[in-house]
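Numbering (full-length UniProt numbering), first residue to last: 1 to 238.
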């Protein structure tokens with residue numbers, strides 16, 4: 001008769017005291033916080049001149065480029081600002097630079113929340129030496145009928161003044177619109193080759209022409225009575 005021998009193996013885990021386990025770094029990285037930003041270049045270097053500026057964001061010693069290499073008044077680009085931290089509120093400093101001289105033209109300090117969708121307008125008049133950064137909420141795009149689309153108006157014809165303007169498009173009027181501020185929505189026909197916006201301030205009228213698409217857009221009155229139609233851009237993570 002065969003004998004069967006059982007061998008018991010005991011594995012003991014010993015935790016030694018005084019090894020400093022509380023001082024070991026956490027293996028869980030801080031979460032990623034993200035802010036979606038669209039930059040609009042409204043820095044006027046003069047009629048028919050290039051507008052060559054850069055916009056950068058600074059956070060906790062880190063620099064992120066938001067806008068560069070699009071040397072045209074009324075141009076726009078989108079970016080995703082990233083911060084790795086526990087808090088979902090992120091303090092930023094936005095700085096506007098002249099690309100060629102790298103002189104700082106303006107800056108804006110602001111605290112944003114992760115998940116925010118913002119539009120940063122870079123206003124400027126080089127001849128008058130005036131520059132300003134304005135951070136505004138991206139509108140909650142309103143719904144429209146199958147043949148209409150919402151537009152949002154902004155008056156940047158004279159960025160040095162804080163005046164209020166009355167704007168009329170297609171018989172619809174927005175009164176007391178502060179300059180450099182995006183309006184509420186106006187619903188207009190889609191895919192129109194030419195429409196007219198009329199801006200009235202203290203008895204003085206300015207008109208400009210613009211076209212519409214089948215998607216919402218900003219209609220911006222710049223200097224020299226010209227309107228710019230800009231789409232709302234999204235970052236790749238939207």
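Ideal Cβ placement from N, Cα and C applies to all residues, glycine included. Being a predicted model, the structure only gives us computed values, none of them experimental.
Cβ of residue i within 8 Å of any chain C Cβ
i: residue 79; result: Absent from the structure is chain C; it holds one protein chain and no more.
Classification of residue i by the beta-carbon crowding that lies within 10 angstroms, buried from 16 upward
i: residue 104; result: exposed
i: residue 125; result: buried
i: residue 44; result: buried
i: residue 118; result: buried
i: residue 128; result: exposed
i: residue 6; result: Model confidence at residue 6 stands at a pLDDT of 39, short of 50, so the residue's coordinates are unreliable; what they give is reported in the following sentence. Result: exposed.
i: residue 155; result: buried
i: residue 51; result: buried
i: residue 157; result: buried
i: residue 95; result: buried
i: residue 38; result: buried
i: residue 228; result: buried
i: residue 27; result: exposed
i: residue 101; result: exposed
i: residue 17; result: For residue 17, the predicted model reports a pLDDT of 43, less than 50, meaning its position is unreliable; a value from the coordinates is still stated below. Under this definition residue 17 is an exposed residue.
i: residue 172; result: exposed
i: residue 183; result: buried
Continuous beta strand (DSSP E) stretch holding residue i: start and end
i: residue 82; result: 76 to 84
i: residue 153; result: 148 to 155
i: residue 170; result: Careful: residue 170 lies outside any beta strand (DSSP E) and carries neither H nor E.
i: residue 266; result: The chain is shown from 1 up to 238; residue 266 falls before or after that span and cannot be answered.
i: residue 232; result: Run containing residue 232: none; DSSP gives neither H nor E here.
i: residue 54; result: 53 to 59
i: residue 37; result: 32 to 44
i: residue 200; result: 195 to 201
i: residue 188; result: 185 to 189
i: residue 27; result: Segment: none, residue 27 is in no beta strand (DSSP E) and carries neither H nor E.
For residue i, the residue or residues it bridges with in DSSP
i: residue 104; result: 97
i: residue 225; result: Beta-bridge pairing links residue 225 to no other residue.
i: residue 91; result: 111
i: residue 207; result: 198
i: residue 124; result: 43, 131
i: residue 119; result: 38, 136
8 Å Cβ cutoff met for residue i and residue j
i: residue 162; j: residue 179; result: yes
i: residue 35; j: residue 90; result: yes
i: residue 30; j: residue 85; result: yes
i: residue 131; j: residue 139; result: no
i: residue 42; j: residue 57; result: no
i: residue 186; j: residue 169; result: yes
i: residue 68; j: residue 49; result: no
i: residue 40; j: residue 121; result: yes
i: residue 197; j: residue 149; result: no
i: residue 165; j: residue 199; result: yes
i: residue 92; j: residue 71; result: no
Check: residue i C-beta below 7 Å from any heavy atom of the ligand FAD
i: residue 137; result: Looking for the ligand FAD in the displayed structure turns up nothing, as the structure carries no ligands at all.
Contact between the region 100 to 116 and the region 65 to 78 (3+ Cβ pairs under 8 Å): Segments in contact, no.
Contact the region 210 to 218 vs the region 186 to 202: 3+ CB pairs below 8 Å: Result yes; three or more Cβ-Cβ pairs closer than 8 Å.
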